[in-house]
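A quick write-up on the structure given underneath.
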Amino acid sequence: MIKKGFLSLLIAFALFAGVIFFPNSWIEAWISDEDVEQAKTSMSPLVFQGMYFQERMLQEPSTMPLYGSSELNRFDPFHPYNYARATNAPYTTFMVGRGGMQSITHFLNFAAQEKNLKDKKIVFIISPQWFTKKGMNELHFSPNYSMLHAYDLAYNKDIDEDLRKRGMERLLAFDTVNRDDLLKTIYEYKISGGKEKPIIGRLAMMAGHVQKALLEKKDLYYSLFPREPHKLKNNDKLVVDQTFEQQLENAEKYGEKRVSNDLMIENKFYKRLVNANIKKFQGMRKNEDYTTSPEYEDLQLVIDVLKDAGAKPLFVSIPVNGHWYDYTEYPEERRQKYYEKMEQILTDNDVPFVDYSDHDYDPYFIMDTIHIAWKGWVYLDQELDKYWAEQ
29 MIKKGFLSLL IAFALFAGVI FFPNSWIEAW ISDEDVEQAK TSMSPLVFQG MYFQERMLQE
89 PSTMPLYGSS ELNRFDPFHP YNYARATNAP YTTFMVGRGG MQSITHFLNF AAQEKNLKDK
149 KIVFIISPQW FTKKGMNELH FSPNYSMLHA YDLAYNKDID EDLRKRGMER LLAFDTVNRD
209 DLLKTIYEYK ISGGKEKPII GRLAMMAGHV QKALLEKKDL YYSLFPREPH KLKNNDKLVV
269 DQTFEQQLEN AEKYGEKRVS NDLMIENKFY KRLVNANIKK FQGMRKNEDY TTSPEYEDLQ
329 LVIDVLKDAG AKPLFVSIPV NGHWYDYTEY PEERRQKYYE KMEQILTDND VPFVDYSDHD
389 YDPYFIMDTI HIAWKGWVYL DQELDKYWAE Q
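Numbering (our numbering), first residue to last: 29 to 419.
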C-alpha cells in the first residue's frame with residue numbers, strides 16, 4: 029500500500045515537473061495565428077492580464093491597438109474593429125480594456141510590453157469618470173490587476189528606474205499588492221535601492237524570479253485555449269463605400285432607432301434606470317468634481333511609460349452624456365473645467381490628442397451615460413485613418 033502511494037506521488041510529481049519545465053517555445057508553437065485573431069475581440073481578462081497574446085498582436089506591423097475601459101466592448105457597425113475590417117483599412121485593431129480598467133492597470137501593461145511598443149502607433153481613450161476624488165478604488169483595481177505584470181515590473185530591464193519606482197510606490201497603495209508579502213518585500217527593496225531589509229530583500233528577489241517564471245508559464249498554458257470572440261454586431265454596408273458624412277448619417281439613423289427619451293440614453297439601458305427608480309439618480313453628482321483626483325498622477329505614469337518605450341500614442345479625450353449629467357446635477361461649467369484641464373495636461377506633455385469634449389450634447393455620440401458609440405465611433409474612425417496615414 030505504501031509502495032502504491034509512493035508511486036502515485038512520484039507520478040504526480042513527474043507530471044507537475046513536466047508541466048513546469050516544458051519549454052516555453054514548444055507551447056508557443058501550438059498557439060496559431062487564428063487563436064491570436066480570436067483573442068483580439070474576446071475582451072477576455074486573461075488576454076488583458078497576460079503577456080503572450082498581446083506580444084503576438086503588438087508584433088504584427090499593421091496593428092494599431094486601442095486601450096481604454098468598458099467603451100471598447102460597445103460593438104456596433106461603426107466600432108473601430110468592425111470599421112477597419114469592413115473597409116480593408118491598412119491597419120487592424122485589437123482592444124485592451126473593460127469596466128474598471130484605468131490608468132494604473134494600463135501603466136502596468138505598457139511597462140510589461142515596453143520592448144514591443146517602440147515606434148508603435150496606439151490609441152488611448154481617457155474617460156472622465158476615472159477622475160473621481162479618490163481615483164482608482166480597490167473594487168475596480170483587484171479584478172483588473174495582473175500579478176504577472178506586477179512581478180514583471182520589478183525585473184523589467186527596459187523601463188526607466190525612476191519610472192519603475194514611481195509605479196511601485198503607487199501600486200503599494202492597493203491592498204491587493206500589499207497582501208502579496210513576497211511582492212511587497214521586493215517592491216520595498218527595489219524602492220529603497222537595496223537598503224530596506226537587504227538580506228530578506230535579496231532572498232525575495234530570487235524567489236520572485238521563480239514566481240514570475242511560473243506566472244509566465246501559466247499565461248502560456250491559458251493561451252492554448254482559444255477565447256470566444258465577442259459578438260461584433262457588424263453591418264458592413266453602413267460603412268463600406270460610404271463617405272464620412274454618409275457614415276455619420278447612417279450612425280444617426282442607427283441611434284434614432286434605439287433612443288426615444290429626453291436623456292439620449294439607449295432605450296434598453298434607460299429601461300433599467302427606470303426600473304431602478306431613475307429619480308434617485310437626480311442630483312447624485314452635484315458635489316462631484318473631476319478636476320482633483322489621484323488619477324491624474326496615474327495618467328502621467330501612462331504618458332511617461334509610453335514616452336520611455338518610444339511608442340506613438342494618440343490620446344482621445346471623450347465627453348460624458350451632457351443630458352444625463354445635467355439630470356444628475358453635475359454642472360456643465362464644472363465639466364468644462366475638467367475638459368480644459370485634460371486638454372492642458374495633454375498639451376503640456378506634447379502628445380497628440382483628439383478632444384471630443386464639445387460633443388457632450390451631440391445626439392448619438394454617446395450611447396448611454398458615458399460610453400462612446402455610434403456617431404462617436406464614426407468620428408474616431410476618421411481620426412484613426414488620419415493618424416495611421418501620418419509618417
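Virtual Cβ for every residue (Gly too), placed ideally from N, Cα, C.
D383 sits in a strand when the DSSP states are folded into three classes. Comparing alpha-carbon positions, the option among Y324, D390 and K307 lying closest to T160 turns out to be Y324. Secondary structure note for L342: its beta strand (DSSP E) is the uninterrupted segment K340 to S345.
Where F152 is concerned, the enclosing beta strand (DSSP E) starts and stops at K149 to I154. Counting along the chain, Q310 sits inside no alpha helix (DSSP H), nor does DSSP assign it H or E at all. Per DSSP, the continuous alpha helix (DSSP H) segment holding K193 begins and ends at E189 to L199. Counting only residues of its own chain and dropping the five nearest sequence neighbours on each side, D326 has a CB closer than 6 Å to the CB of S131 and I132. In this structure, E357 lies away from V382, with their beta-carbon atoms at least 8 Å apart. Under the DSSP assignment, A114 falls in the alpha helix (DSSP H) whose first and last residues are P108 to A114. Judged by their CB atoms, H177 and L136 are nearer to each other than the 8 Å cut-off. According to the DSSP assignment, H168 belongs to the alpha helix (DSSP H) that extends over E166 to N172. At a Cβ-Cβ threshold of 8 Å, D290 and N349 do not count as neighbours. Take K148, set aside five residues on each side of it, and the residues of its chain with a beta-carbon closer than 7 Å to its own are L86, A339 and K340, in chain order. Taking a contact to require three or more Cβ pairs closer than 8 Å, the segment 168–187 and the segment 229–239 qualify as touching.
Per the coordinates, the alpha-carbon of M92 lies some 27 Å from the alpha-carbon of N52. Annotated three-state conformation of T160 is coil, per DSSP.
In the structure shown, the three-state DSSP call for T213 is helix. Under a 10 Å Cβ-count criterion, W58 is classified as exposed, with fewer than 16 other Cβ atoms of the shown protein chains found around its own Cβ. Within the DSSP secondary-structure output, Y95 pairs in a beta bridge with V124 and F152.
Taking 8 Å as the cut-off, the Cβ atoms of L200 and Y215 count as close.
Between the C-alpha atoms of E83 and N315 there is a straight-line separation of about 43 Å. Relative to the Cα of L408, the nearest Cα in the group L248, S90 and F393 belongs to F393.
DSSP places Q275 in the uninterrupted alpha helix (DSSP H) bounded by F272 to E284. Taking 8 Å as the cut-off, the beta carbon of L260 is found closer than this to the beta carbon of T69.
The Cβ-Cβ distance between Y179 and K240 falls below 8 Å. DSSP lists I400 as the bridge partner or partners of I394.
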